[in-house]
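Residue numbers (this note's numbering), protein chains in the order written: chain D, 1 to 254; chain G, 1 to 319.
So the structure is just underneath, and the comments pick up after that.
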Amino acid sequence: MSAPMVKAEAVHKRFGRNEVLKGITLEVAAGEVMCLLGPSGSGKSTFLRCINHLEKINAGRLSVDGELVGYRQVGDKLHELREAEVARRRAEIGMVFQHFNLFPHLTAIENVTCAPMKVKRTPREKARARGAELLAKVGLPEKVDHYPAQLSGGQQQRVAIARALAMEPKLMLFDEPTSALDPELVDEVLQTMKELARDGMTMVVVTHEMGFAREVGDTVVFMDDGVVVESGAPAAVLAEPREERTRAFLSKVL
Amino acid sequence: MASAEVTDRTGRPEEIRAVPVRRPGRWIAAAIVLVIAVAIGRSVVTNPHFEWHEVGNYLFDTRVLEGLVLTIELTAIAMVIGIALGVLLAIMRLSPNPLLSGGSWLYIWFFRSTPVLVQLIFWYYISALYPKLGLGIPFGPAFVHPNVNTLITAFRAAILGLGLNEGAYMAEIVRAGIISVDEGQTDAAQSLGMTRTQTMRFIVLPQAMRVIIPPTGNETISMLKTTSLASVISVSELLFAAQGIYSANFKVIPLLIVISIWYAVCTSVLYVGQSYLERYYGRGRSREQANALPGRVVRGLLSLPRRGEHARPAGGEHR
């Protein structure tokens, strides 16, 4: 079996005195869809942000595709990576945010082509062709020249997914991608994510959508208070949780 | 019966054309304003001391026009220096490096805590403080020794004084713009692999511009008139040119009117430029639209709704 796409060993993260992650150990295999569940404040989003080094971890080891996140190991010493190296690794990891975070001063196609052109130096024409393809893929071929403010939340989130895909990532991180959406718009985003999973993308998804976790997730990880409480196949964890905390949480959200 | 009157033939209800509420207070206030305006206008026209024919004579006087050109040059150069310095200082101020942010803070404090007129005079007499300037290795040998007295002309002293002072004010404006941009934008840009510099240049600053432009327009308009302070160090800008003429012929009032007209003309041009810039950097935000003055006066008096007030802008907030 090949090396895991994401490997976390006893990952700790503190904000000041507040310890948010208290030793997270898990692995995500290539092509796997992992759903992170848990009450708010359990550290799911923080863990996700650690994976592409938007947050620095304080202890433990975290690696993506066999490379340490944010550091280089020389002997038994860790060296911080230069900013350009951190950026290069982030470019291989796509991220989708709860509040979309589209660039409001750019049109949909500009949002999608911005990073390939500036970061990868893809020629404009090529980037635009690929961008149009991606916008068609997420079901928005006619919204190419719309500004984010002219799109619904669901459409914005799909543009955000296309924007992340434009960098040809090997791993996609989703941070509660449907939590800020009106209920009737949730499905169109989940549909896009399902197609992505079907294409074999490795995905780590923080979500409250139990239906999605059950249907699309290969693994479900339940987190609470900075630790992994239990994990396993969705059928097992969601239907017959072993831990009391998981049961209590699921009884509230299902 | 009643419904037949509400709907027209196509079945759509008829547009409401109600009689607007009468607002006598507005008409009274408007009348008072009008009376005052007429009184002022009358005195302007009839008071012989204005010497309007002299205003006409000097409006396009070569000395005045040369002063005008210098005023515009001073404004443009000082603002370019001010904006460039402002961006640099704002980014330094937000840097995690305490020396950079501290240095920026000190600069801003220093230039904001002394009057710009004092700074101008200071730069004019800088050669008294540093008669010789050395360009070379710090604390080591210098290769060039320009004479400060000839290097710092009155014009250059004015540029330095106005530009460096403006940098401090622009820094605060740019900083306000940068911190007004949501942190999620930085997260998104960095998650796409952009470096801090790329994020700042392509994502944060263009959005910050929307907040930066209006006060910068204000600063430019203010700078246009602040350049008149350079007359005290004998830079022959607009005011100095007028002073030169009226010190000889004592036509003080007409000449002050002449230069006031030119200042007002320049300011009006800047107004137009600013509104274009605002529209450009406001793209993608459909809610903010320009609201021109003439239309507003008429609509205000008749209490008509503003254009688009009832119509929901395309898109808008969907969260």
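No residue lacks a Cβ here, since even glycine has one placed at the ideal position from N, Cα and C.
Cβ-Cβ distance between Met-223 of chain D and Met-172 of chain D below 8 Å: no
Euclidean distance between Cα positions of Val-11 of chain D and Val-269 of chain G: 60 Å
Residue burial classification, Trp-109 of chain G (beta-carbon count within 10 angstroms, cutoff 16): exposed
CB contact below 8 Å: Phe-15 of chain D versus chain G: no
Straight-line Cα distance separating Leu-151 of chain D from Leu-192 of chain G: Between Leu-192 of chain G and Leu-151 of chain D, the C-alpha separation is close to 21 Å.
8 Å Cβ cut-off: residues of chain G touching Arg-90 of chain D: Gln-190, Ser-191, Leu-192 and Gly-193
Whole-angstrom distance between Asn-147 of chain G and Tyr-374 of chain G, CA atom to CA atom: Outside the shown range of chain G (1 to 319) lies residue 374 of chain G, about which nothing can therefore be said.
Extent of the continuous beta strand (DSSP E) to which Met-79 of chain G belongs: Here Met-79 of chain G belongs to no beta strand (DSSP E); instead the alpha helix (DSSP H) covers 62-93.
Beta-carbon gap between Glu-219 of chain G and Glu-166 of chain G smaller than 8 Å: yes
For Leu-26 of chain D, three-class secondary structure by DSSP: strand
Where the region 165-189 of chain G meets chain D: residues whose CB sits under 7 Å from a CB there: Gly-184, Gln-185, Asp-187 and Ala-188
Residue range of the alpha helix (DSSP H) that includes Lys-44 of chain D: 44-51
Per-residue DSSP class, three states only, for Ser-231 of chain D: strand
Any C-beta of chain D under 8 Å from that of Ile-203 of chain G: It does: the Cβ of Ile-203 of chain G has a partner Cβ on chain D nearer than 8 Å.
Runs of alpha helix (DSSP H) wholly within the region 212-257 of chain G (minimum 4 residues, chain order): 238-249
Same chain only: Cβ atoms within 7 Å of Lys-13 of chain D, ignoring 5 sequence neighbours per side: These residues qualify, in order along the chain: Val-20, Leu-21, Thr-46, Cys-50, Glu-55, Ile-57 and Asn-58.
Interface flag, Arg-279 of chain G vs chain D, CB-CB below 8 Å: no
Per DSSP, cross-strand counterpart(s) of Asp-175 of chain D: D:Val-206
Cut-off 8 Å between Cβ atoms - residues of its own chain near Phe-122 of chain G, not counting five sequence neighbours on either side: Gly-161
Inter-residue Cα distance where the pair is Leu-277 of chain G and Ile-213 of chain G: 7 Å
8 Å contact criterion, which Pro-116 of chain D and Ala-166 of chain D should meet: CB distance rounded: 5 Å
Reduced DSSP category for Arg-14 of chain D - H, G, I as helix; E, B as strand; rest coil: strand
Rounded straight-line distance, which links the Cα of Gln-198 of chain G to that of Ser-180 of chain G: 18 Å
Residue from G:Ile-245, G:Pro-96 and G:Ala-188 whose Cα sits closest to the Cα of Asn-111 of chain D: When C-alpha distances from Asn-111 of chain D are compared across G:Ile-245, G:Pro-96 and G:Ala-188, the shortest belongs to G:Ala-188.
Reference Phe-100 of chain D; option with closest CA among D:Asp-65, D:Leu-78, D:Arg-158 and D:Ile-93: D:Arg-158
Interface partners of Arg-196 of chain G on chain D, CB under 8 Å: Glu-83
Three-way DSSP call (helix, strand, coil) for Phe-222 of chain D in this model: strand
Collapsed DSSP secondary structure at Asn-149 of chain G in the structure displayed: helix
Contact list for Pro-206 of chain G against chain D, beta-carbon separation under 8 Å: His-105
Helix, strand or coil at Ala-197 of chain D [DSSP, three-state]: Residue state, collapsed to three classes: helix.
Test: Pro-183 of chain D CB closer than 8 Å to a CB of chain G: By this cut-off, Pro-183 of chain D is not an interface position.
As assigned by DSSP and simplified to three states, the class of Gln-211 of chain D: Sequence check: residue 211 of chain D is Gly here, not Gln. It is helical.
Stretch pair the region 171-185 of chain G + the region 91-105 of chain G: three plus CB contacts closer than 8 Å: yes
Cβ neighbour criterion (16 or more within 10 Å) applied to Glu-15 of chain G: exposed
Residue interval of the alpha helix (DSSP H) (run including Ser-127 of chain G): 126-129
Min CB distance Glu-288 of chain G to chain D below 8 Å: In this prediction, Glu-288 of chain G has a pLDDT of 44, which is less than 50 and means its spatial position is unreliable; nothing more can be read from the coordinates.
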